Amino acid sequence: MLERMRGASLIRAMLFAALLATILETQANEGCTPDQAKQIQIGSQTFTVEVAASPSERERGLSGRALLKPGTGLWFVFPAPDRYGFWMQDMHFPIDLIWVSPDLKVTGAISLQPCADKFCPIHSAPSRVAYVLEVNAGEFAGKTGDSVSWRCLK
């Protein structure tokens, strides 16, 4: 009987801890918009990100950079869902490009190599997207349909 009571107390404590963690995370992200994100989570993966929300930031992207630290990325936030296109001109390293729908689901991902040509191909989203995440090639281990969330870490 005593063992059952201890087991029930342990279960209650674990449920309380899970509830408290959820409340604290919700409060930490309250009022947090996608253009304020500091971390992007896709499935079990978390990436520390910079945000490209302005037209000039989105146009520049990662071009001209020598490298991207492991576990980091660039989070593109668009003003409206559309089939946005990306190219690899002036890139110095390969990337994984992850398309994210307005309802925060991965709609596709593609690995891209740098392009040294004058006319580089444009890679368009498979459907209308509101966000795109660029990370180092080979780092994205998710799949189409995975849920995406962000944290602002105030």
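Each residue of the sequence shown is one higher than the one before, starting from 1 at the first, in our numbering. Think of the CB as a built atom: it goes at the ideal place given N, C-alpha and C, for glycine as much as any other residue. Because the structure is a prediction, the values reported are computed rather than measured.
*How about HIS92 and ARG65: do their beta carbons lie closer than 8 Å?*
By 1-based counting over the sequence shown, the position of residue 92 is 92. By 1-based counting over the sequence shown, the position of residue 65 is 65. Against a cut-off of 8 Å, the Cβ pair of ARG65 and HIS92 comes out as a contact.
*Reduced DSSP secondary structure (H/G/I, E/B, other) of ARG65*: In the sequence shown, the residue the question calls residue 65 occupies position 65. ARG65 falls in the coil class under three-state DSSP.
*Taking the alpha-carbon positions, what's the GLY138 to ASP146 distance?*
As a first step, residue 138 is located in the sequence shown; it is residue number 138 there, counting from the start. As a first step, residue 146 is located in the sequence shown; it is residue number 146 there, counting from the start. Distance between the alpha carbons of GLY138 and ASP146: 17 Å.
*Give me the Cα-Cα distance between THR144 and GLN41, rounded to the nearest whole angstrom.*
The sequence position of residue 144 within the sequence shown is 144, counting from 1. The sequence position of residue 41 within the sequence shown is 41, counting from 1. Looking at the two C-alpha atoms, the distance is approximately 14 Å.
*Where the beta strand (DSSP E) through PRO81 begins and ends*: Looking up residue 81 in the sequence shown gives position 81. Where PRO81 is concerned, the enclosing beta strand (DSSP E) stretches over 72–82.
_6 Å CB neighbourhood of VAL140 in its chain, flanking five on each side removed_ = Within the sequence shown, the letter at position 140 stands for residue 140. At residue 140 the sequence reads Phe, which differs from the Val that was named. Only ASP96, ILE98, ALA109 meet the Cβ criterion.
*Look up SER124 in the DSSP assignment and say whether it is helix, strand or coil.*
Here residue 124 refers to the residue found at position 124 when the sequence shown is read from its first residue. In the structure shown, SER124 sits in a strand (DSSP, three-state: E or B).
*May I have the straight-line CA-CA distance separating PRO79 from LEU62, to the nearest angstrom?*
Here residue 79 refers to the residue found at position 79 when the sequence shown is read from its first residue. Here residue 62 refers to the residue found at position 62 when the sequence shown is read from its first residue. Each residue's alpha carbon lies about 19 Å from the other.
*Cβ atoms of GLY73 and HIS123: under 8 Å apart, would you say?*
Translated into positions along the sequence shown, residue 123 becomes position 123. Translated into positions along the sequence shown, residue 73 becomes position 73. No, these two residues do not count as a Cβ contact at 8 Å.
*Mapping DSSP to helix, strand and coil, what is SER54?*
Start at 1 with the first residue of the sequence shown, and residue 54 comes out as number 54. In the three-state DSSP reduction, SER54 falls in the coil class, being neither helix nor strand.
*Looking only at its own chain, which residues have a Cβ that is under 6 Å from the Cβ of CYS115, when we skip the five neighbours before and after it?*
Taking the sequence shown and counting its residues from 1, one reaches residue 115 at position 115. Here CYS115 has MET88, GLN89 as same chain residues with Cβ atoms under 6 Å from its own Cβ, once five neighbours each way along the sequence are excluded.
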